[in-house]
Amino acid sequence: MKRRERMLRDLDQDIRAHIEAETQDNIARGMSPDEARRAAMLKFGNVSRVTEDTREVWSLIWLEQLLQDLRYGLRMIWKFPGFTLVAVLTLALGIGANTAIFSVVYAVLLRPLPYHDASQLIVMNETTPRVGTVSVSYLNFLDWRKQSTAFAQMATVHQVGFNLTGVARPEVIRGLAVSPEFLSMLGVAPLRGRDFTAQEGNAGTEPVLMLSYEMWQSHFGSDPNAVGKTMSLDGRPFTIVGVLPPRFRWLDKLDVIEPLGVLLTNNADIMERANRGESVVVGRLAPGIGLAQARAEMDGIAARLAREYPAANDGYGVEYAPVRDAFVGDSRPAILILFGAVLFVLLIACANVANLFLARGATRTREIALRFAFGASRGRIVRQMLAESFILAILGGALGLAFAEGGIHAMARWIPSGMLSGTEVNLNGAVFTFVAALVIVAAFAFGLVPAVHSSKADVQSDLKEAGRTSSASAAQRRLGGALAVAEISLALILLTGAGLMMQSLYRLRAVDPGFRTERVLTLSLSLPSQQYSTDPAILNFWQRALDGVRALPGVEIAAVGTAVPLGGDHWRTDIVLEGMAELRPGDYPHPDMHIVSSDYWRTLGIPLVRGRWFTAADDEKAPKVGIINALMAQRLFAGSDPVGKRFVVGHRAKKENWITIVGVAADTKLYGLENPARLEVYLPFRQAPFGDMNLILKSSVAPAALTSAVREVIDTIDNDEPIAATSTMEQLVSDSVATRRVTLVLLGLFSGLALLLAAIGIYGVISYSVAQRTQEIGIRVALGAQRSSLMSMILKQGLRTALLGVGIGLAAALGLTQLLKSLLFGIGATDPLTFISVAVTLLCVALAASYLPARRAMRVDPLTALKYE
Amino acid sequence: MSTKDYKERIELLQGTLDLLILRTLRLGPTHGHAIAKGIEFSSDSVLQVEQGSLYPALHRLIKRGWISVEDGTSENNRRAKFYRLTAKGKRQLVVETSKWNKLAGAIAQVLRPAGQESES
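Top line first, the protein sequences correspond to chains A and B.
Heads up: take any position in the first sequence, counting from 1, add 224, and you land on the numbering used here.
Heads up: take any position in the second sequence, counting from 1, add 117, and you land on the numbering used here.
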């Protein structure tokens, strides 16, 4: 800039000196001074133009041209409001959908986890072929930590739950019991107070805890003096030693963290090697060590431990997951599929807008030709049209952001939190960057092709004929047709995916879960072992709860049970049948164990296959009895009647604990509708008192309305006892298919959008082609063509485009639906019926979209058409 | 005529003037008027430069770094801008000259038999 000013400052003087010199020369040649000056001026030319041209040499020409292009673009956008509205709206839908889904992708898959160098953190579980993923035995963890060199640090993380007592409304608190080095290993420092000390990892330590930031806010009003106060959990006073930073999160939602020593103090059984509670191990890889190396070393350690302690470890291996994968779980495919789907929608939107541009480019051919004639370069014309696309894309992006903002709020309420792995979805810097990138890419995607295409215009013929019948417009029609073909194939792929998902969900919901869900309410309660330390105390509580709930108006039948189908956690253990040969440790039957009251099956509508249900007589004084499910009867007692046979729970159990089978219940889908039934054993609650149970009741009224009445019943028994979770059975079933449902609804929404856009695309292309061929059609009519044959000519054109698109789409869909496989149920990824019906749907839509322009073609008046030129 | 030819014609004219300026400055630094006169003189007045168009060209050359500018005094004692060929400009002059010679030769070759051939 400096240089430019310096150069131009002396220009006038330089020019004056020049003219003066020329004048002197002329005088020397013998002219009069006046004549000499006039001749000099004449020879120099237009001084102001020269000045202007020289200035231009120094100006930032591209910037000025850019501003010019933008101004021009704005004028064009203003001049064609209909075009602008359709284009911006189309783009906004495409960009909005992408933004909303990308915000989910970012939140779940990309947002940095709140740990130092999270990529080095590995979450480990144990695994056994019979059960799959299980928790890590504490003693195994200690050996891993001692022997592993691949991990610089290792911590164990146990899930714990407490009843918060001594407050107006008791509640259930979720927590973790962790090795003292857990937080420092993650690179997390407490916001307030101190971290746990090494001593606090050992049994016998004083009960202390750290609050989550949210807990600190909600229960202590962010009191800066909360550290040092006490909190009564399960009736025990815990000293608060710290507060976790905001946004700290772990695999499960948590309210408090306690050091492992506190857990060890009250749970001596953790020190048994075969005890696998609810825990994972997390380790930080040593510098320079990759997961593969660590895995090799750990597998060796696990194999040694299996040889050393076969009773506890035979058949057990280790499972590794980078902490990110542990967070994301199995929602990754659904999220990525949705992301792919919205990208398709955006592509279709871009193709549509490109088509609009092409069609309008045709009406502007003459204008562009004129600009060429006036010396504009092709690059300049392309730039100018791109400037226009950019303005449209930016408008579309802005409106799309507004759509996304609304969409995110709707989604956040509606997507199951498990699918989001506990993170918050919002518009943030990363999302804005993504939108900016989308706008740029979209502007090029829909702007470049038409721009380059228009710039190839042939000046002479375009000026003469305005391109109406020139070859350029035929090429334009071809390009438009190709874009429509692409739109149809993309829409077909999306529709096929949505169709497959819809049928999967339908078939899944049609699966007989083995239990009835209508008007069934479940409430989960957990009796703290301090207050309920004896079996009679536990039995007393449950009996009184059952009696109280049964007496409530509206309750038809009620039961207690350790497990609710689809409810999540279940207790499994080995059993030994009477007369069974000694087996290898991993080979014993390993059924789910349910402890239930006698009305459990009737409440849930599970049918009796053989034998009898439990009765009130099956109490603590009666002989021990059990009920098994049909699958177990078939697997373990093939051919013979299991009723009357005996088994024991666990292998080392004393033989006086023989349990006699008295009945067989039908199978239930405990672990989700898509999963096969498993072995199940039911024990009467009076013979196996247990503190953590669910109240299950069937009502004659809307079940949710009973919650507060049940709460009052529990209060009269123990007003320090919280109800952890309340849910209707229908809700549980619905939640169990939530990820699928959300994926389906979004996919359905996107494919509907795609279908609509593709229909508009075909309509646009055919309309444009009819408009272009008005004259030709007029001649045909004048020559006596049947109007119906004109109609079919146009419809055929639409059909050809659609058929090509459907063909390409089907081929692509055959490959792409394979990606959906993990989300499908009861239907193949290449289900022919779905493919055929989607193809037919698209062809019908394409025909309908071509029908309107075809009718217009039919009504062409030959006189008007021929006069048109 | 297509746009391509049209564009190239403009560039050709521009480039030629640049070449002539560089060639004139090869003899030593001088001011604008002298450059114009020099071009006329050395082409036996065949090439009449519209003298004004010299200035955008001079500034374009400055911007490219092929010539530099300094204050000086003209032969009749007036203050004037003196333009001087830079080292970069000298190299460019060699390149441009050879390009021009090639072009001129090629055009001459094309033109020689052209008059005799029939149009197709």
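Glycine included, C-beta positions come from ideal geometry on N, C-alpha and C.
Keep in mind the model is a prediction, meaning the values are calculated, not measured.
- Under a criterion of Cβ atoms nearer than 8 Å, the residues of chain B adjacent to E244 (chain A) are, in order, R195.
- A Cβ-Cβ contact shorter than 7 Å links I852 (chain A) with I885 (chain A).
- Interface with chain B (7 Å Cβ-Cβ cutoff): G269 (chain A) is included.
- Chain A places a beta carbon closer than 7 Å to that of Y172 (chain B), counting this residue as a contact.
- Taking the Cα positions, T203 (chain B) is about 19 Å away from A153 (chain B).
- In the three-state scheme derived from DSSP, where H, G and I count as helix and E and B as strand, K303 (chain A) is classed as helix.
- Distance from the CA of Q226 (chain B) to the CA of K219 (chain B), rounded to the nearest whole angstrom, comes to 10 Å.
- Scanning chain A for C-beta atoms nearer than 7 Å to the C-beta of I179 (chain B) yields M231, reported in chain order.
- Taken atom to atom, the span from the alpha-carbon of A948 (chain A) to that of L749 (chain A) is near 6 Å.
- If you compare the alpha carbons of A:Q423, A:V663 and A:I464 with that of W440 (chain A), the shortest gap goes to A:I464.
- With respect to chain A, the C-beta atom of K207 (chain B) has no partner C-beta closer than 7 Å.
- For G145 (chain B), no chain A residue has a C-beta closer than 7 Å to its own C-beta; the minimum C-beta separation is roughly 17 Å.
- Using a Cβ-Cβ distance cut-off of 8 Å, the stretch 709-724 of chain A and the stretch 1030-1038 of chain A are in contact, since at least three pairs of beta carbons, one from each stretch, lie closer than that value.
- Contact annotation: H818 (chain A) and A787 (chain A) have beta-carbon atoms nearer than 7 Å.
- Along the stretch 363-405 of chain A, the beta strand (DSSP E) occurs as fully enclosed runs of 3 or more residues at 375-388 and 395-402, listed in sequence order.
- Using a Cβ-Cβ cut-off of 7 Å, T278 (chain A) counts as an interface residue toward chain B, since at least one Cβ of chain B sits closer than that to its own.
- For G155 (chain B), no CB of chain A lies under 7 Å from its own CB, so it is not counted at the interface with that chain.
- Nearest in C-alpha terms to P908 (chain A), of all of A:L977, A:P900, A:W837 and A:E229, is A:W837.
- In the DSSP assignment, no residue is bridged to V969 (chain A).
- Contact annotation: V506 (chain A) and A379 (chain A) have beta-carbon atoms nearer than 7 Å.
- The criterion of a C-beta distance shorter than 7 Å is not satisfied by A245 (chain A) and H176 (chain B).
- Nearest CB-CB separation between A260 (chain A) and chain B: not below the 7 Å threshold.
- Within the stretch 955-1043 of chain A, complete alpha helix (DSSP H) segments of at least 4 residues are found at 962-996, 998-1006 and 1011-1040, given in chain order.
- DSSP places K869 (chain A) outside both helix and strand once states are collapsed to three, so it counts as coil.
- A Cβ of chain A is located within less than 7 Å of the beta carbon of G149 (chain B).
- Judged by DSSP in its simplified three-state form, L202 (chain B) adopts strand.
- Secondary structure of S160 (chain B) (DSSP, three-state): coil.
- The DSSP-derived three-state label of W825 (chain A) is helix.
- Chain B has no Cβ within less than 7 Å of the Cβ of V665 (chain A).
- Within the stretch 198-223 of chain B, contact with chain A at the beta-carbon level (separation under 9 Å) is assigned to K198.
- By the C-beta density criterion, Y540 (chain A) is buried, having at least 16 other C-beta atoms within 10 angstroms.
- Not a single C-beta of chain B is nearer than 7 Å to the C-beta of A593 (chain A).
- Taking a contact as a CB-CB distance under 8 Å, the pair G721 (chain A) and L971 (chain A) counts as one, their CB atoms being some 6 Å apart.
- For S713 (chain A), the secondary structure class from DSSP, reduced to helix, strand or coil, is helix.
- For V281 (chain A), the nearest beta carbon of chain B is closer than 7 Å to its own beta carbon.
- From the listed residues A:F1049, A:V1084 and A:D341, the smallest Cα separation to R1004 (chain A) is found for A:V1084.
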